[in-house]
Amino acid sequence: MKLLILGGTAEARQLAAALVGRSEFSVALSLAGRTAEPAPQPVPARRGGFGGAEGLARYLRDEHIDVLIDATHPYAAVISTNAADAARLSGIKLLGLRRPPWEKVAGDSWIEVDSLEDAVRAIGEAPLRVFLTLGRKELRPFEAAPQHVYLVRSVDPAEPPLAVPHAQYITARGPFSEADDRALLESRRIDVIIAKNSGGEATYGKIAAARSLHLPVIILKRPALPEVDSVATVGGALAWLDHALTLSTARGV
Ligand code: NAP
Numbered sequence: 069m070k071l072l073i074l075g076g077t078a079e080a081r082q083l084a085a086a087l088v089g090r091s092e093f094s095v096a097l098s099l100a101g102r103t104a105e106p107a108p109q110p111v112p113a114r115r116g117g118f119g120g121a122e123g124l125a126r127y128l129r130d131e132h133i134d135v136l137i138d139a140t141h142p143y144a145a146v147i148s149t150n151a152a153d154a155a156r157l158s159g160i161k162l163l164g165l166r167r168p169p170w171e172k173v174a175g176d177s178w179i180e181v182d183s184l185e186d187a188v189r190a191i192g193e194a195p196l197r198v199f200l201t202l203g204r205k206e207l208r209p210f211e212a213a214p215q216h217v218y219l220v221r222s223v224d225p226a227e228p229p230l231a232v233p234h235a236q237y238i239t240a241r242g243p244f245s246e247a248d249d250r251a252l253l254e255s256r257r258i259d260v261i262i263a264k265n266s267g268g269e270a271t272y273g274k275i276a277a278a279r280s281l282h283l284p285v286i287i288l289k290r291p292a293l294p295e296v297d298s299v300a301t302v303g304g305a306l307a308w309l310d311h312a313l314t315l316s317t318a319r320g321v
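The working numbering puts the first residue of the sequence shown at 69, with every later residue one more than the last.
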């Protein structure tokens with residue numbers, strides 16, 4: 069069974085690693101090519117877009133892919149929509165590996181917003197020290213509020229830097245522990261955090277640290293994704309694939 073995993077996440081990498089050595093599967097991975105030096109991948113990885121849903125459908129047909137697995141980031145809604153459309157166009161099976169969102173718990177002070185512009189407004193007018201943990205392409209709207217002091221953490225450097233008088237940058241790739249994030253928030257005297265609800269362990273440190281420091285977190289709501297057959301974990305994806313393999317073998321017999 070030939071699989072294409074749309075990746076860019078820890079789960080995509082973990083699923084590919086779990087399938088290495090399973091001779092009944094041939095696995096390829098696809099990355100958007102957003103980061104200059106992506107984490108090493110356990111299987112061959114291609115980089116860059118396909119040219120929309122039709123381009124992806126063409127690729128699936130040309131490469132004789134049997135199953136497409138959408139294991140992209142929960143905020144990568146365009147590629148997830150393209151995956152659903154391409155699977156329909158090419159008549160192949162699609163599985164979504166959808167990481168559950170973080171849930172608010174007692175002690176959390178979350179302000180959930182629909183857009184980056186709403187996130188800027190939610191900070192308020194008074195100058196604050198703001199920790200921005202967003203993709204480097206999502207920073208521009210914060211230039212509309214230059215009175216704040218920004219601390220930006222991203223995987224690759226923010227280029228060009230924010231056109232505001234006070235911004236500092238940290239380039240780092242998770243996982244980030246609660247203890248380290250708490251130390252960072254304290255040493256930089258952060259007042260408020262802006263984050264996506266990415267889910268998972270790797271970037272939860274700041275959420276837990278904000279809770280213990282009684283800091284507000286402005287959270288960008290998740291985009292709507294197409295309704296597709298989906299699982300929440302790598303284990304769930306492996307079970308789904310084994311079942312699909314059994315069905316196709318039975319049909320072959
Ligand atoms: P997007 O808006 O869903 O996708 C934009 C285009 O990038 C797609 O139309 C596709 O181009 C290409 N693309 C995306 N993922 C791909 C993949 N796995 N393989 C090949 N092409 C891919 O996604 P985004 O612009 O990357 O990011 C949107 C949000 O997700 C941001 O908030 C970002 O921070 C977050 N995020 C993304 C990733 C990631 O790996 N993409 C990782 C972490 C966080 P074509 O239409 O030409 O096929």
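Ideal Cβ placement from N, Cα and C applies to all residues, glycine included.
Any heavy atom of ligand 1 within a distance shorter than 7 Å of the CB on Leu99? Position 31 of the sequence shown, counting from 1, holds the residue named residue 99. Within the cutoff, so yes.
Expected contact under 8 Å - CB spacing of Ala100 and Gly120 to nearest Å: The residue given as residue 100 occupies position 32 in the sequence shown. The residue given as residue 120 occupies position 52 in the sequence shown. Contact doesn't hold; Cβ gap of about 14 Å is too wide.
Nonlocal neighbours in the same chain, by C-beta distance under 8 Å from Pro195, ignoring five residues either side: The count along the sequence shown starts at 1 and reaches residue 195 at position 127. So the list reads Gln215, His216, Val217, once near-sequence residues are dropped.
For the putative contact between Leu124 and Ala96, defined by C-beta atoms under 8 Å, what is the C-beta separation to the nearest angstrom? Taking the sequence shown and counting its residues from 1, the one referred to as residue 124 is at position 56. Taking the sequence shown and counting its residues from 1, the one referred to as residue 96 is at position 28. Incorrect: roughly 13 Å between the Cβ atoms, too far for contact.
Check: Ala144 C-beta below 7 Å from any heavy atom of ligand 1: If you number the sequence shown from 1, residue 144 lands on position 76. True, at least one ligand heavy atom lies under 7 Å from that Cβ.
Which runs of the beta strand (DSSP E) spanning at least 3 residues fall entirely within the region 69-153, listed in chain order? 70-74, 94-99, 113-115, 135-138
For the beta strand (DSSP E) that Ile275 lies in, which residues bound it at each end? Position 207 of the sequence shown, counted from the start, is the residue given in the question as residue 275. Looking at the DSSP string, Ile275 is not in any beta strand (DSSP E); the run it does join, the alpha helix (DSSP H), is 273-281.
If you draw a straight line from the alpha carbon of Trp308 to that of Val111, how long is it in whole angstroms? The sequence position of residue 308 within the sequence shown is 240, counting from 1. The sequence position of residue 111 within the sequence shown is 43, counting from 1. Roughly 20 Å between the two C-alpha positions.
For Met69, the nearest candidate out of Val88, Glu92, Ala84, Gln82 (CA to CA): Along the sequence shown, read from residue 1 onward, the residue named residue 69 stands at position 1. When each option's Cα is compared against that of Met69, the closest is Glu92.
Can you determine whether any heavy atom of ligand 1 sits closer than 7 Å to the C-beta of Asn265, and answer yes or no? Your numbering for residue 265 matches position 197 in the sequence shown. No, the Cβ of Asn265 stays beyond 7 Å of every heavy atom of ligand 1.
Expected contact under 8 Å - CB spacing of Leu283 and Leu252 to nearest Å: Mapped onto the sequence shown, residue 283 falls at position 215. Mapped onto the sequence shown, residue 252 falls at position 184. Actually they do not touch by this definition, with Cβ atoms about 12 Å apart.
From which residue to which residue does the alpha helix (DSSP H) around Ile191 run? Position 123 of the sequence shown, counted from the first residue, corresponds to residue 191. Its alpha helix (DSSP H) spans residues 184-191.
Alpha carbon to alpha carbon, what distance is there between Leu165 and Ala305? If you number the sequence shown from 1, residue 305 lands on position 237. If you number the sequence shown from 1, residue 165 lands on position 97. Looking at the two C-alpha atoms, the distance is approximately 7 Å.
Is the CB-CB distance between Glu269 and Pro229 below 8 Å? Looking up residue 269 in the sequence shown gives position 201. Looking up residue 229 in the sequence shown gives position 161. Their beta carbons are not under 8 Å apart, which means Glu269 does not touch Pro229 by this criterion.
When you compare the region 285-296 with the region 143-159, are there three or more beta-carbon pairs, one atom per stretch, that lie closer than 8 Å? yes
Out of Arg221, Gln82, Tyr237, Ala278, point me to the one whose CA is closest to Thr140's CA. Position 72 of the sequence shown, counted from the start, is the residue given in the question as residue 140. Here the closest residue by C-alpha is Gln82.
Does the beta-carbon of Leu219 have 16 or more other beta-carbons within 10 angstroms, so that it is buried, or is it exposed? Position 151 of the sequence shown, counted from the first residue, corresponds to residue 219. So Leu219 counts as buried.
Would you call the region 312-319 in contact with the region 171-185, where contact means no fewer than 3 C-beta pairs closer than 8 Å? no
Kindly examine ligand 1 and report whether one of its heavy atoms sits closer than 7 Å to the Cβ of Gly117. As a position in the sequence shown, residue 117 is number 49, starting the count at 1. Gly117 Cβ: within cutoff of ligand 1.
Under the rule that 16 or more other beta-carbon atoms within 10 Å means buried, what is Ile133, buried or exposed? Residue mapping note: residue 133 aligns to position 65 of the sequence shown, counting from 1. Classification for Ile133: buried.
Residues of its chain near Arg241, where Cβ-Cβ distance is below 6 Å and the 5 sequence neighbours each way are ignored: Numbered from its first residue, the sequence shown carries residue 241 at position 173. Around Arg241: Val223.
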